[in-house]
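Participant: Chains as they are written, first to last, in my numbering: chain G, 1 to 327; chain X, 1 to 129. Dropping a structure here in structure tokens format, bear with me for questions.
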């Protein structure tokens, strides 16, 4: 009896100390969400402006740009997956990876060959464990992404996309590099503190309608975006361009893609922290519950031990009394 | 007098917004001044460029803007930049150091871009680059 009591006490102690870790993680994640949300907010003016500028350009320039035109027979397709670097985030990574698998299946059914680009250590481990090829991966910034990270990722993807322009069947074409014909991104959209939804979107070729739709999708950018398009349809503004509209489009589109990657990174970071906080909250609640049950058991065991000792003493005394009276 | 509504936005945050009487910038085509009532215009800022925003009163606001665009509409002027710093926030020593490092790093595009960023910072701070 005494041994099991000791074991119970040990379990209570360890449950309590893990609970401390969980609640610390919960607090950290909570603070991070606030910061991540502020960064999403802060990045919106730029996203809004660049969308506006692009819409203005799209209205004026001829839309003949590799990033805008559909390729006749898309063969190889890049899929960028944004996962987290650390675990302890509940179903965050599972959800985004499941969404990716769906997309990969869909692309394969369409006869395309998907290539996986991964952000985040968890995603990397997932594919490496299953022995599946990863085209490229970046780690170390999933919680606090900076614009440089997005630029790095964007450069790689846009290079691959540009290289894919002249590819013939299974051969690199004029530049000898096998590129890709489409760019997709899978990330976790931060709807609210309670709802984070994994979404898959196509980044390139861009669809012009998508440019408008994007203005709406940008949260509070929606109002001013619509307001702007409403106004420009009344009075079609004719812009002067410096340099030419085509050269501007050339410079702007890659930046636009990078901005979208950056926005996806920020949203994913916010979602990651929100998932982590929720997971850590239920973990610390469970630990609390477990500790409570265990201490109840420990008390029972202690009580049972005392009762047994008393009855042993009483029994012993009785035996002594009866043996001495026999004498 | 009419004023321009100016917004200066970098990728990570809105840097400055307010009224101004004139904006001077350099696009890839050349130096350009924008006064109220300017025709709508879209321009690409020259790499390593400096943008001056002249408020109605007081000193010019000098900004090192890198990798950006200038958009003039009837509503005002917006300057989009990948990185932007107001001259008073620029640490001259650090910018000089960055320039030295970038120049030593050689010819790859990363180093060139870093050098241009450092140059524009120095220029905005009123130093020789």
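Using N, Cα and C, we set each Cβ at its ideal position, and we do this for glycine too.
What in chain G is Cβ-close to residue 39 of chain X, meaning under 9 Å?
Facilitator: Working through the second chain from its first residue, we reach residue 39 of chain X at position 39. Chain G residues near residue 39 of chain X: 238, 239 and 240.
Participant: Determine the DSSP secondary structure at residue 117 of chain G, reduced to helix, strand or coil.
Facilitator: Along the first chain, read from residue 1 onward, the residue named residue 117 of chain G stands at position 117. Correct three-state label for residue 117 of chain G: strand.
Participant: Identify whether residue 239 of chain G lies in helix, strand or coil by the three-state DSSP scheme.
Facilitator: Numbered from its first residue, the first chain carries residue 239 of chain G at position 239. Reduced to three states, the DSSP call for residue 239 of chain G is coil.
Participant: To the nearest angstrom, how far is the alpha carbon of residue 328 of chain G from that of residue 37 of chain G?
Facilitator: Residue 328 of chain G lies beyond the residue range present for chain G, which begins at 1 and ends at 327; the question has no answer from this structure.
Participant: Check each residue of the segment 27 to 53 of chain X: if its Cβ is closer than 7 Å to any Cβ of chain C, include it; give the result in chain order.
Facilitator: Reference to chain C is not applicable here, since the protein chains of this structure are G and X.
Participant: Are the segment 39 to 57 of chain G and the segment 2 to 15 of chain X touching, with three or more C-beta to C-beta distances below 8 Å?
Facilitator: Because the criterion of three Cβ pairs below 8 Å is met, the segment 39 to 57 of chain G and the segment 2 to 15 of chain X touch.
Participant: Counting only runs of 4+ residues fully inside the segment 44 to 81 of chain G, write out the alpha helix (DSSP H) ranges in chain order.
Facilitator: Runs found: none.
Participant: Between the segment 47 to 73 of chain G and chain X, which residues of the former have CB atoms less than 7 Å from a CB of the latter, in chain order?
Facilitator: Within the segment 47 to 73 of chain G, the residues whose Cβ lies closer than 7 Å to some Cβ of chain X are 49, 50, 53, 56 and 57, listed in chain order.
Participant: Listed from N- to C-terminal order along the chain, which residues in the segment 253 to 268 of chain G have their beta-carbon within a distance smaller than 9 Å of any beta-carbon of chain X?
Facilitator: Those residues of the segment 253 to 268 of chain G that come within reach of chain X (Cβ to Cβ, closer than 9 Å) are 255, 258, 259 and 262.
Participant: Can you list, in chain order, the residues of its chain with a C-beta nearer than 8 Å to that of residue 280 of chain G? Leave out the 5 residues immediately preceding and following it.
Facilitator: Here residue 280 of chain G refers to the residue found at position 280 of the first chain. 22, 23, 25, 26, 29 and 88.
Participant: Here's the rule I'm using: 16 or more other beta-carbon atoms within 10 Å means buried, otherwise exposed. How should residue 102 of chain X be labelled?
Facilitator: One-based indexing of the second chain puts residue 102 of chain X at position 102. Classification of residue 102 of chain X: buried, given that the 10 Å Cβ count is 16 or more.
Participant: For the beta strand (DSSP E) that contains residue 85 of chain X, what are its first and last residues?
Facilitator: As a working mapping, residue 85 of chain X is identified with position 85 in the second chain. 76 to 86 is the span of the beta strand (DSSP E), which, as asked, contains residue 85 of chain X.
Participant: Would you decide whether residue 88 of chain X is buried or exposed? Buried here means 16 or more other CB atoms lie within 10 Å of its CB.
Facilitator: Reading the second chain from its first residue, position 88 is the one you call residue 88 of chain X. Flag for residue 88 of chain X reads exposed.
Participant: Within 10 angstroms of the Cβ of residue 93 of chain G, are there 16 or more other Cβ atoms? Answer buried if so, exposed if not.
Facilitator: In the first chain, the residue the question calls residue 93 of chain G occupies position 93. Counting Cβ neighbours within 10 Å, residue 93 of chain G comes out buried, since at least 16 surround it.
Participant: Is any beta-carbon of chain G found at less than 8 Å from that of residue 12 of chain X?
Facilitator: As a working note, residue 12 of chain X is residue 12 in the second chain. Residue 12 of chain X counts as touching chain G.
Participant: Can you find a C-beta in chain G that's less than 8 Å from the C-beta of residue 85 of chain X?
Facilitator: Taking the first residue of the second chain as 1, we reach residue 85 of chain X at position 85. Output row for residue 85 of chain X: interface = no.
Participant: State yes or no: is the beta carbon of residue 222 of chain G nearer than 8 Å to at least one beta carbon in chain X?
Facilitator: Counting from one through the first chain, the residue named residue 222 of chain G turns up at place 222. The pLDDT assigned to residue 222 of chain G is 36, lower than 50, so where the model puts this residue is not dependable; a value taken from the coordinates is nonetheless given after this. Not an interface residue.
Participant: What did DSSP end up calling residue 7 of chain X once you bin it into helix, strand or coil?
Facilitator: Position 7 of the second chain, counting from 1, holds the residue named residue 7 of chain X. Three-state result, residue 7 of chain X: strand.
Participant: Compute the Euclidean distance between the alpha carbons of residue 270 of chain G and residue 82 of chain X, then round it to the nearest angstrom.
Facilitator: Here residue 270 of chain G refers to the residue found at position 270 of the first chain. Here residue 82 of chain X refers to the residue found at position 82 of the second chain. Taking the straight line from one Cα to the other gives about 22 Å.
Participant: Give the residues of chain G in contact with residue 80 of chain X, contact being defined as C-beta atoms less than 8 Å apart.
Facilitator: Along the second chain, read from residue 1 onward, the residue named residue 80 of chain X stands at position 80. Neighbours of residue 80 of chain X on chain G, chain order: 46, 49, 50 and 53.
Participant: Anything in the segment 145 to 159 of chain G with a Cβ closer than 7 Å to a Cβ of chain X? List those residues in chain order, please.
Facilitator: Within the segment 145 to 159 of chain G, the qualifying residues are 147.
Participant: Just the Cα atoms here: how many angstroms apart are residue 14 of chain G and residue 55 of chain G?
Facilitator: By one-based count along the first chain, residue 14 of chain G stands at place 14. By one-based count along the first chain, residue 55 of chain G stands at place 55. About 59 Å.
Participant: Between the alpha carbons of residue 69 of chain X and residue 274 of chain G, how many angstroms are there, rounded?
Facilitator: As a first step, residue 69 of chain X is located in the second chain; it is residue number 69 there, counting from the start. As a first step, residue 274 of chain G is located in the first chain; it is residue number 274 there, counting from the start. Rounded to the nearest angstrom, the two C-alpha atoms are 35 Å apart.
Participant: Is there a C-beta anywhere in chain X that falls below 8 Å from the one on residue 42 of chain G?
Facilitator: Translated into positions along the first chain, residue 42 of chain G becomes position 42. Yes, because at least one Cβ of chain X sits closer than 8 Å to the Cβ of residue 42 of chain G.
Participant: By the DSSP assignment, the beta strand (DSSP E) with residue 62 of chain X in it spans what residues?
Facilitator: In the second chain, the residue the question calls residue 62 of chain X occupies position 62. 61 to 73 is the span of the beta strand (DSSP E), which, as asked, contains residue 62 of chain X.
Participant: Should residue 73 of chain X go down as buried or exposed, given a rule of 16 or more other Cβ atoms within 10 Å for buried?
Facilitator: Translated into the one-based positions of the second chain, residue 73 of chain X becomes position 73. Its Cβ being crowded by 16 or more others within 10 Å, residue 73 of chain X is buried.
Participant: Which chain G residues sit within Cβ distance under 9 Å of residue 71 of chain X?
Facilitator: Position 71 of the second chain holds residue 71 of chain X. What residue 71 of chain X touches in chain G: 49, 52, 53, 56 and 239.
Participant: Measuring alpha carbon to alpha carbon, tell me which residue in G:135, G:300 and G:286 is nearest residue 18 of chain G.
Facilitator: To locate residue 18 of chain G, count along the first chain from 1; it is residue 18. With distances taken between Cα atoms, residue 18 of chain G lies closest to G:286.
Participant: Report the residue from X:117, X:21 and X:52 whose alpha carbon sits nearest the alpha carbon of residue 31 of chain X.
Facilitator: Counting from one through the second chain, the residue named residue 31 of chain X turns up at place 31. Selected option, being the one with the closest Cα: X:52.
Participant: Give the list of continuous alpha helix (DSSP H) stretches no shorter than 4 residues that lie fully inside the segment 259 to 283 of chain G.
Facilitator: With a minimum length of 4 residues, no continuous alpha helix (DSSP H) run stays inside the segment 259 to 283 of chain G.
Participant: Along chain G, in chain order, which residues have C-beta atoms closer than 7 Å to that of residue 9 of chain X?
Facilitator: Position 9 of the second chain holds residue 9 of chain X. 45, 46 and 49, listed in chain order.
Participant: Please list, in chain order, all residues of the same chain as residue 124 of chain G whose beta carbon is under 6 Å from its beta carbon, the five residues on each side excluded.
Facilitator: The count along the first chain starts at 1 and reaches residue 124 of chain G at position 124. These residues qualify, in order along the chain: 118 and 137.
Participant: So residue 196 of chain G is in the alpha helix (DSSP H); what residue range does that whole segment cover?
Facilitator: Your numbering for residue 196 of chain G matches position 196 in the first chain. From DSSP, residue 196 of chain G is part of no alpha helix (DSSP H) but of the beta strand (DSSP E) over 196 to 204.
Participant: Quick one: does residue 361 of chain G have its CB under 8 Å from some CB of chain X?
Facilitator: Absent from the model: residue 361 of chain G. The displayed extent of chain G is 1 to 327, so no value can be given.
Participant: Output the residue ranges of the beta strand (DSSP E) runs that lie fully inside the segment 88 to 140 of chain G and measure 3 residues or longer, sorted by chain position.
Facilitator: Entirely contained in the segment 88 to 140 of chain G, the beta strand (DSSP E) runs reaching 3 residues are, in chain order, 113 to 119 and 136 to 138.
Participant: When DSSP builds the beta bridges, which residues end up paired with residue 163 of chain G?
Facilitator: Counted from its first residue, the first chain places residue 163 of chain G at position 163. DSSP output for residue 163 of chain G lists no bridge partner at all.
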